[in-house]
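Peer 1: Below are the structure tokens for one structure; questions will follow.
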Amino acid sequence: MGDAAAGGAQSIDRAATLLLLVGRAGPSGARLSELVEQCDLSKPTVRRMLLALVRAGLLDQDPETRRYYIGPEIYVLGTLASTRFGIHPISLRSLGRLSQETGDTAFLSVPRGVYSICVHREEGPYPIRVHALHAGDRHPLGVGAGSLALLSALPDQEVEEVLAANADVLAEKYPNHPPSVLRSLVEETRVNGYALNPGLLLPSSWGVGVPIRGVDGRPIGALSIAAIESRLSEARQREIASLLKKEATWIEMRLSEVGTADRPSRKKAR
Numbered sequence: 005m006g007d008a009a010a011g012g013a014q015s016i017d018r019a020a021t022l023l024l025l026v027g028r029a030g031p032s033g034a035r036l037s038e039l040v041e042q043c044d045l046s047k048p049t050v051r052r053m054l055l056a057l058v059r060a061g062l063l064d065q066d067p068e069t070r071r072y073y074i075g076p077e078i079y080v081l082g083t084l085a086s087t088r089f090g091i092h093p094i095s096l097r098s099l100g101r102l103s104q105e106t107g108d109t110a111f112l113s114v115p116r117g118v119y120s121i122c123v124h125r126e127e128g129p130y131p132i133r134v135h136a137l138h139a140g141d142r143h144p145l146g147v148g149a150g151s152l153a154l155l156s157a158l159p160d161q162e163v164e165e166v167l168a169a170n171a172d173v174l175a176e177k178y179p180n181h182p183p184s185v186l187r188s189l190v191e192e193t194r195v196n197g198y199a200l201n202p203g204l205l206l207p208s209s210w211g212v213g214v215p216i217r218g219v220d221g222r223p224i225g226a227l228s229i230a231a232i233e234s235r236l237s238e239a240r241q242r243e244i245a246s247l248l249k250k251e252a253t254w255i256e257m258r259l260s261e262v263g264t265a266d267r268p269s270r271k272k273a274r
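Under the working numbering, read the sequence shown as residues 5 to 274, first letter to last.
Now the structure itself:
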């Protein structure tokens, strides 16, 4: 048992080393030969561990160049762990207010490429809750209220690029969200001023969402509320959308203040 435990710990150490080496390679990625040279392991061992990390989503490999890059799950873990800075901690107060004022579940989502990741879920006091989204869940942009709010806040050309990139996964895993439907939802979102998910992901789960924008006007996150259909009449949709927009504005202001405070003055920069 002792030898087995030691071997397991050694494997974890080696995997962690490979993750760090690939991460340090930056946007250019890392070749298998480079990693073999740096970690002093045999080529078959390094290849085997890299493939295991790719299967876990911790690394990604370009099919053409064969280079290795940090994978999507690293981003998810990093986002969930970012409790000391950024949009997540600043949004917690807003999420608490939203869940208490509406009685329903409030969410914070952030964009990652052509996907949206839920980074926080705040339960409200209403006894009937929906379970369509949890922290760490990832869906193509446009799937779900917060995700739809993010997609709708992008320029038309980027919307089309996202839909094209996600066409296969939408057809395979999200039959209620073909590109044609998402285009219509984007248009409705822009007209209404808020995103509405009318139970497309789960029939019993409806949602309302609005984007959070950075100083450049681009969406950096989204706030949303999910509830059972009977709690989201048109009148209540508008009421919740108003609350979401108020909190989104508050978060944007706080992020702007933090950015200004963190930016060195010209005098200090000299």
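Even glycine gets a Cβ: it sits at the ideal position worked out from N, Cα and C.
Since we're looking at a predicted model, the values are computed, not measured.
Please go through the same chain and pick out, in chain order, the residues whose beta-carbon is closer than 7 Å to the beta-carbon of glutamate 256, but skip the five residues on each side of it.
Peer 2: Ile216, Arg217.
Peer 1: Kindly indicate the opening and closing residues of the alpha helix (DSSP H) around asparagine 196.
Peer 2: Start and end: 183-196.
Peer 1: Give the single residue among Arg51, Gly221, Glu176, Leu25 whose Cα lies nearest to the Cα of proline 159.
Peer 2: Considering only alpha carbons, the answer is Gly221.
Peer 1: Quick one: residues in its chain with C-beta nearer than 8 Å to the C-beta of arginine 334, no 5 flanking neighbours on either side, listed in chain order?
Peer 2: The question about residue 334 has no answer, for the chain in this structure spans 5 to 274.
Peer 1: Going by C-alpha distance, which of Glu233, Trp254, Ser208 is nearest valine 214?
Peer 2: Of the candidates Glu233, Trp254, Ser208, the one whose C-alpha sits nearest the C-alpha of valine 214 is Trp254.
Peer 1: Any heavy atom of the ligand FMN closer than 7 Å to the CB of leucine 81?
Peer 2: The model on display carries no ligand, and the ligand FMN is accordingly not part of it.
Peer 1: Could you name the residues that DSSP lists as bridge partners for glutamine 161?
Peer 2: In DSSP, glutamine 161 forms no bridge with anything.
Peer 1: Whole-angstrom Cβ separation of leucine 248 and isoleucine 229, contact assumed at under 8 Å?
Peer 2: With a Cβ gap of about 7 Å, leucine 248 and isoleucine 229 count as contacting.
Peer 1: Taking only the alpha-carbon atoms, compute the straight-line gap between alanine 1 and leucine 62 and give it to the nearest angstrom.
Peer 2: Coverage of the chain is limited to positions 5 through 274, which leaves residue 1 absent and any answer about it impossible.
Peer 1: Identify whether glycine 30 lies in helix, strand or coil by the three-state DSSP scheme.
Peer 2: Glycine 30 falls in the helix class under three-state DSSP.
Peer 1: Looking only at its own chain, which residues have a Cβ that is under 6 Å from the Cβ of proline 268, when we skip the five neighbours before and after it?
Peer 2: Caution applies to proline 268, whose pLDDT of 41 falls short of 50 and renders its modelled position unreliable; the value that the coordinates give is listed next. Taken in chain order, the list of residues that qualify is empty.
Peer 1: Going by beta carbon distance, what residues of the same chain come within less than 8 Å of isoleucine 232, once the five residues before and after it are set aside?
Peer 2: Result list for isoleucine 232: Ile132, Val134, Ser208, Ser209, Trp210, in chain order.
Peer 1: Quick one, are the C-beta atoms of leucine 145 and valine 118 less than 8 Å apart?
Peer 2: Going by C-beta atoms, leucine 145 is nearer than 8 Å to valine 118.
Peer 1: Candidates Gly30, Gln42, Tyr79, Leu23: which alpha carbon is nearest leucine 55's?
Peer 2: Leucine 55 has its Cα closest to that of Leu23, out of Gly30, Gln42, Tyr79, Leu23.
Peer 1: Using only the alpha-carbon positions, how far apart do glutamate 261 and alanine 239 sit?
Peer 2: Cα to Cα, glutamate 261 sits roughly 34 Å from alanine 239.
Peer 1: My guess is that threonine 109 and isoleucine 244 are in contact by the Cβ rule of under 8 Å, so how many angstroms apart are they, rounded?
Peer 2: In fact, because the Cβ distance is near 12 Å, the residues do not count as touching under 8 Å.
Peer 1: Give every residue of the same chain whose Cβ lies closer than 7 Å to the Cβ of valine 163, excluding the five residues on either side of it in the sequence, and list them in chain order.
Peer 2: If we look at valine 163 and ignore the five residues flanking it on each side, its Cβ neighbours are Leu155, Val190.
Peer 1: Let's test the definition: count the other Cβ atoms within 10 Å of the Cβ of glutamate 126 and tell me whether it reaches 16, buried, or not, exposed.
Peer 2: When all chains shown are included, glutamate 126 counts as buried.
Peer 1: Runs of 3 residues minimum, wholly inside the region 53-111: which ones carry the beta strand (DSSP E) assignment?
Peer 2: Counting whole runs of 3 or more residues, the region 53-111 contains the beta strand (DSSP E) stretches 63-65, 72-74.
Peer 1: Rounded to a whole number of angstroms, what is the C-alpha to C-alpha distance between alanine 13 and glycine 27?
Peer 2: C-alpha separation (whole angstroms): 21 Å.
Peer 1: As a quick exercise: from Ala34, Leu102, Lys177, pick the residue whose alpha carbon is nearest that of proline 129.
Peer 2: When only C-alpha atoms are compared, the closest one is Leu102.
Peer 1: Given this structure, state the Cα-to-Cα distance separating glycine 203 from serine 237, to the nearest angstrom.
Peer 2: The alpha-carbon atoms of glycine 203 and serine 237 are separated by roughly 13 Å.
Peer 1: Would you mind stating whether isoleucine 149 and valine 212 have Cβ atoms separated by less than 8 Å?
Peer 2: Note that residue 149 is alanine in the sequence shown here, rather than isoleucine. A contact, by the Cβ cut-off of 8 Å.
Peer 1: Would you list the residues sitting across from cysteine 282 in a DSSP beta bridge?
Peer 2: A question about residue 282 goes unanswered here, because the residues of the chain that appear run from 5 up to 274.
Peer 1: Is leucine 112 closer than 8 Å to glycine 225 when the C-beta atoms are compared?
Peer 2: The answer is yes: Cβ separation under 8 Å.
Peer 1: Can you grab the Cα-Cα spacing for the pair glycine 197 / glycine 90, in whole Å?
Peer 2: Roughly 25 Å separates the two Cα atoms.
Peer 1: Need the endpoints of the beta strand (DSSP E) that glycine 277 sits in, please.
Peer 2: There is no way to answer for residue 277, as the model of the chain reaches only from 5 to 274.
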